[in-house]
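Chemist:
Residue numbers (UniProt numbering): 1 to 203.
1. Do the CB positions of residue 133 and residue 124 come within less than 7 Å of each other?
2. Kindly indicate the opening and closing residues of the alpha helix (DSSP H) around residue 64.
3. Spatial neighbours of residue 75 within its chain, please: C-beta separation below 6 Å, excluding the five flanking residues on both sides.
4. Quick check: the region 52 to 72 against the region 16 to 24, are there 3 or more CB pairs under 8 Å?
5. Compute the Euclidean distance between the alpha carbons of residue 118 and residue 164, then round it to the nearest angstrom.
6. Taking the beta strand (DSSP E) that residue 151 falls in, what are its first and last residues?
7. Three-state secondary structure (DSSP) at residue 187?
8. Taking the DSSP output, what are the residues bridged to residue 116?
9. Give me the Cβ distance between residue 197 and residue 156, rounded to the nearest whole Å; I'm assuming they're in contact under 8 Å.
10. Based on the DSSP secondary-structure assignment, which residues constitute the bridge partners of residue 24?
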């Protein structure tokens, strides 16, 4: 008798999401748009989420390392979505320090380890033990320390996604006008991050 075929990646992701939501206080289900974006991202697609303020966009990427971990616990070596991943990491490009500080606190409430570059958690970030790593465009693009980290074997193996928060600022701040230099030129160079991580990366 032939062995049964393993469940599809889609159904395994569904189970992982259900498992994670059951473990969280105050979040029993996702909104349709949140679930759609989360599943697409986990399935390896690039995702652009244009949703209203207060809708819960941050929850989408906050759940990625948790759902990825739950998926790997059930799929293990059968995983085709996250080959070689042991400790899922997501990096978040954020334009404002205050915004990063708030997001780190929100992530902690969900039991997610989170930190921002340039703080007291740098050693933990470098060791790969932080699930959500926040940093400004300038930190990720212009600082050799963090670029080298992204290109390291540890991060190339465990990084499962790059998120750009407040993505609408890329054009506004990253492009110069009427011959003037861009306000924050690093915003226009975020595509460089793809060259530092493994091929076929979700963003």
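All residues carry an ideal CB built from backbone N, CA and C; glycine is no exception.
Modeler: The relevant details are as follows:
1. Translated into positions along the chain shown, residue 133 becomes position 133. Translated into positions along the chain shown, residue 124 becomes position 124. For residue 133 and residue 124, no; Cβs fall outside 7 Å.
2. Indexing the chain shown from 1 puts residue 64 at position 64. First-last of the alpha helix (DSSP H) with residue 64: 57 to 75.
3. One-based indexing of the chain shown puts residue 75 at position 75. Cβ within range, chain order: 12.
4. yes
5. The residue given as residue 118 occupies position 118 in the chain shown. The residue given as residue 164 occupies position 164 in the chain shown. Distance between the alpha carbons of residue 118 and residue 164: 18 Å.
6. Within the chain shown, numbered from 1, the residue matching residue 151 stands at position 151. No beta strand (DSSP E) contains residue 151, which DSSP labels as neither H nor E.
7. Residue numbering aside, residue 187 sits at position 187 when the chain shown is read from its first letter. If DSSP states are grouped into helix, strand and coil, residue 187 belongs with the helices.
8. Here residue 116 refers to the residue found at position 116 of the chain shown. The partner list for residue 116 (beta bridge, DSSP) reads 134.
9. Taking the first residue of the chain shown as 1, we reach residue 197 at position 197. Taking the first residue of the chain shown as 1, we reach residue 156 at position 156. With a Cβ gap of about 6 Å, residue 197 and residue 156 count as contacting.
10. For the purposes of this step, residue 24 is taken as the residue at position 24 of the chain shown. The partner list for residue 24 (beta bridge, DSSP) is empty, contrary to what the question assumes.
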